[in-house]
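Asks: Below is the structure I would like to discuss, written out as structure tokens.
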Amino acid sequence: MERPRIALIITTYFDASHADVIGTRLIQGYPWQGTLHEPRVEVVSLYLEQLGDCGCRDGAVRDRPDIGVDIARNAGVPMFPTVAEAIGLGRGGVQVDGVVIIGEHGDYEDNVLGEKLYPRRRLFDAAVSTMISAGRFVPIFNDKHLAWSYQDARAMYETAQRLGIPLLAGSSIPLAWRVPTGARWRLGAPMSDIVAVGHGPLEAYGFHNLEGMQAHAERRAGGESGVVSVRGLSGADAAAAMADGSVDRDLFESALSVFDLDDDQRRRARTQPQDVFLVTYADGLRAAAVNCTGSLTGFAASARGPEDELTCRTWLQGGPEHGHFIFLTRQIESLIRSGRSPLSRRTNPAHRRDPRCLPAFPTRRRRRTSHTRAEHLLPAGW
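Its first residue numbered 968, the sequence shown is counted upward by one per residue in the numbering used here.
This is the structure we're talking about:
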């Protein structure tokens, strides 16, 4: 099979950025089963919105120079000044077989909730507009959650559904290694409660925590039923949720047990969480995602049902390899090659739940989310 041709649409491209750990593999290849594996797609164009990343972030001055221009030049990949030209290879129309949007990192504003206003919707709309004009629709991958805004995320999903565009979005977390090896909820087994723990910034890593939790939850009996309410808490309110039992204590302790923590770290994880997401599913599943920044680094989950229990940690390889992104890269390739999302019936509620949780933080109120109801079954073996 001839390799499908793809356009990379990227906000910024520096060492160890998402553009690097995904895009560079799509250009140069990656190790797989002990050998260097040629990409199953061919990158034929690049749109790069910003060069590098510099300035003050989180109180620290960082200067991360661009590497994308040289990587593209060395690989013979042409760069274009607009999304439309990248998709049309400078001559109009849709001259590629797929589009990969990596709208992560870069110099973009934050809103009052601390959400980074990455232009994922704008880049998606530019790609779709080009397809509409040409009358040809090809698969799109969108890195991380669809958008910072629920309204944008929903519009992107509905646009793809209406136009028949195969769409895949998400991060490397659900596909990464697990400890114990291969740990996952028994497919089709009832689940009553699940707790996930993680670390990091509220939006970017809160999504990781929710998505990692969702990867286990949607394997439960009946498949995914959808989310009916979410609640976002921080600071003293998050600590109160830990104390009053809103977060299942036994499952939280089980999730903590996979980390090598000293007594002080355990105490702070229990009493000083940074944030807590409380989620109620349509079928009654109770879930909590706890941000334990300052106490631990990593992601884990613990779940129970009438017949099953599961506790596991997500294992992420550090730099420079960041090898867990290989599994996501292969799913992107499969999307483009097959013209079907690898999770064609899976509308990951984490994509919707993260933008819906964040507006709940200023008021601490429970938010009804009937619009996040999305019934689907997980394919066996995923």
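All C-beta atoms, glycine included, are put in the ideal place defined by N, C-alpha and C.
Determine the contact status of residue 1095 and residue 1280, defining contact as a CB-CB distance below 8 angstroms.
Replies: Walking along the sequence shown from the start, residue 1095 turns up at place 128. Walking along the sequence shown from the start, residue 1280 turns up at place 313. Not closer than 8 angstroms, so no.
Asks: Can you list, in chain order, the stretches of the alpha helix (DSSP H) that have 4 or more residues and sit fully within the region 1154 to 1231?
Replies: Segments of the alpha helix (DSSP H) lying fully in the region 1154 to 1231: 1169 to 1184, 1202 to 1210, 1216 to 1223.
Asks: Would DSSP call residue 1004 helix, strand or coil?
Replies: Along the sequence shown, one-based indexing puts residue 1004 at 37. Looking at residue 1004 - three-state DSSP - the assignment turns out to be strand.
Asks: Please classify residue 1167: is it buried, with 16 or more other beta-carbons within 10 angstroms of its beta-carbon, or exposed?
Replies: The residue labelled residue 1167 in the question sits at position 200 within the sequence shown. Looking at its Cβ environment, which holds 16 or more other Cβ atoms inside 10 Å, residue 1167 is buried.
Asks: Measuring only the C-alpha atoms, how far is residue 1235 from residue 1093?
Replies: Residue numbering aside, residue 1235 sits at position 268 when the sequence shown is read from its first letter. Residue numbering aside, residue 1093 sits at position 126 when the sequence shown is read from its first letter. Each residue's Cα considered, the two are about 46 angstroms apart.
Asks: Hey, out of 994, 1110, 1077, 1210, whose CA is closest to residue 957's CA?
Replies: Examination of residue 957 is not possible in this model, given that the chain is present from 968 through 1349 alone.
Asks: Kindly indicate which residue of 990, 1246, 1173, 1260 has the alpha-carbon position closest to the one of residue 1083.
Replies: On the sequence shown, residue 1083 is found 116 positions in, with the first residue counted as 1. Per the Cα distances, 1173.
Asks: Nearest by alpha-carbon distance to residue 1018: which of 1008, 1011, 980, 1055 is it?
Replies: Start at 1 with the first residue of the sequence shown, and residue 1018 comes out as number 51. Ranking the options by Cα distance to residue 1018, first place goes to 980.
Asks: Taking the straight line between their C-alpha atoms, what separation do you get for residue 1271 and residue 1222?
Replies: Looking up residue 1271 in the sequence shown gives position 304. Looking up residue 1222 in the sequence shown gives position 255. Distance between the alpha carbons of residue 1271 and residue 1222 is about 12 angstroms.
Asks: What whole-angstrom Cβ distance do residue 1184 and residue 1209 have, given they're in contact under 8 angstroms?
Replies: One-based indexing of the sequence shown puts residue 1184 at position 217. One-based indexing of the sequence shown puts residue 1209 at position 242. Wrong, their Cβ atoms sit about 20 angstroms apart, outside the cutoff.
Asks: Check whether the region 1195 to 1208 and the region 1260 to 1268 touch, using three or more Cβ-Cβ pairs below 8 angstroms as the test.
Replies: No, because fewer than three Cβ pairs between the region 1195 to 1208 and the region 1260 to 1268 fall closer than 8 angstroms, the two stretches do not touch.
Asks: Which word fits residue 1097, buried or exposed, when buried means at least 16 other C-beta atoms lie within 10 angstroms of its C-beta?
Replies: Translated into the one-based positions of the sequence shown, residue 1097 becomes position 130. Looking at its Cβ environment, which holds 16 or more other Cβ atoms inside 10 Å, residue 1097 is buried.
Asks: If you draw a straight line from the alpha carbon of residue 1312 to that of residue 1088, how long is it in whole angstroms?
Replies: For this step, residue 1312 is matched to residue 345 along the sequence shown. For this step, residue 1088 is matched to residue 121 along the sequence shown. Since pLDDT at residue 1312 reaches only 43, below the 50 mark, its modelled position is unreliable, and the value read off the structure follows with that caveat. Rounded to the nearest angstrom, the two C-alpha atoms are 22 angstroms apart.
Asks: If you reduce the DSSP assignment to three classes, tell me which class residue 1266 lands in.
Replies: Counted from its first residue, the sequence shown places residue 1266 at position 299. It is a strand residue.
Asks: Among all the DSSP beta bridges, which residues are the ones paired with residue 1282?
Replies: As a working note, residue 1282 is residue 315 in the sequence shown. 1144.
Asks: Relative to the alpha-carbon of residue 1224, which residue among 1308, 1254, 1266, 1180 has its alpha-carbon at the smallest distance?
Replies: Mapped onto the sequence shown, residue 1224 falls at position 257. It is 1266.
Asks: Could you spell out where the alpha helix (DSSP H) holding residue 1294 opens and where it closes?
Replies: For the purposes of this step, residue 1294 is identified with residue 327 of the sequence shown, where counting begins at 1. Taken as a continuous stretch (DSSP letters only), the alpha helix (DSSP H) holding residue 1294 covers 1292 to 1305.
Asks: Could you check the C-alpha separation between residue 1314 and residue 1232 for me, to the nearest Å?
Replies: Here the question's residue 1314 lines up with position 347 in the sequence shown. Here the question's residue 1232 lines up with position 265 in the sequence shown. No answer about residue 1314 holds up, because its pLDDT of 44 lies below 50 and its placement is not dependable.
Asks: Could you give the DSSP three-state label for residue 1091: helix, strand or coil?
Replies: What you label residue 1091 is simply residue 124 of the sequence shown in a count that begins at 1. Correct three-state label for residue 1091: helix.
Asks: Evaluate residue 968 with the Cβ neighbour count: other Cβ atoms within 10 Å of its Cβ, from every protein chain shown; 16 or more gives buried, anything less gives exposed.
Replies: As a working note, residue 968 is residue 1 in the sequence shown. Exposed, since its Cβ has fewer than 16 Cβ neighbours within 10 Å.
Asks: Are the beta-carbon atoms of residue 972 and residue 1009 separated by less than 8 angstroms?
Replies: Within the sequence shown, numbered from 1, the residue matching residue 972 stands at position 5. Within the sequence shown, numbered from 1, the residue matching residue 1009 stands at position 42. Contact flag set, yes.
Asks: If we cut at 8 angstroms on Cβ distances, does residue 1091 have a partner in chain C?
Replies: Any reference to chain C falls outside this structure, which holds one protein chain only.
Asks: List in chain order: all unbroken alpha helix (DSSP H) runs of 4+ residues lying wholly within the region 1080 to 1138.
Replies: Whole alpha helix (DSSP H) segments, 4+ residues: 1087 to 1101, 1117 to 1130.
Asks: Which residues in the same chain as residue 1064 place their Cβ atom closer than 7 angstroms to its Cβ, once the five residues preceding and following it in sequence are excluded?
Replies: To locate residue 1064, count along the sequence shown from 1; it is residue 97. Excluding sequence neighbours, residue 1064 sits near 971, 972, 973, 1105, 1303.
Asks: Closest by CA to residue 1294, which one among 1160, 1229, 1144, 1195?
Replies: If you number the sequence shown from 1, residue 1294 lands on position 327. Considering only alpha carbons, the answer is 1144.
Asks: Does the Cβ of residue 1203 have 16 or more other Cβ atoms within 10 Å, making it buried, or fewer, making it exposed?
Replies: Reading the sequence shown from its first residue, position 236 is the one you call residue 1203. That one is exposed.
Asks: Does the ligand MN have a heavy atom nearer than 7 angstroms to the CB of residue 1104?
Replies: The ligand MN is absent from the structure shown, which contains no ligand whatsoever.
Asks: Taking the beta carbon of residue 1251 as the centre, do at least 16 other beta carbons fall within 10 Å, making it buried, or is it exposed?
Replies: Residue 1251 sits at position 284 when you count from the first residue of the sequence shown. With fewer than 16 Cβ atoms within 10 Å of its Cβ, residue 1251 is classed as exposed.
Asks: Quick one: Cα of residue 1181 to Cα of residue 1055, how far?
Replies: Locating residue 1181 in the sequence shown gives position 214, where the first residue counts as 1. Locating residue 1055 in the sequence shown gives position 88, where the first residue counts as 1. One C-alpha to the other measures close to 37 angstroms.
Asks: Residues in its own chain within less than 6 angstroms of residue 1100 by CB, not counting five upstream and five downstream?
Replies: Numbered from 1 along the sequence shown, position 133 holds the residue referred to as residue 1100. Closer than 6 angstroms at Cβ, skipping near neighbours: no residue.
Asks: Please report the straight-line C-alpha distance between residue 1005 and residue 1201, rounded to a whole angstrom.
Replies: Position 38 of the sequence shown, counted from the start, is the residue given in the question as residue 1005. Position 234 of the sequence shown, counted from the start, is the residue given in the question as residue 1201. Computed Cα separation, rounded: 45 angstroms.
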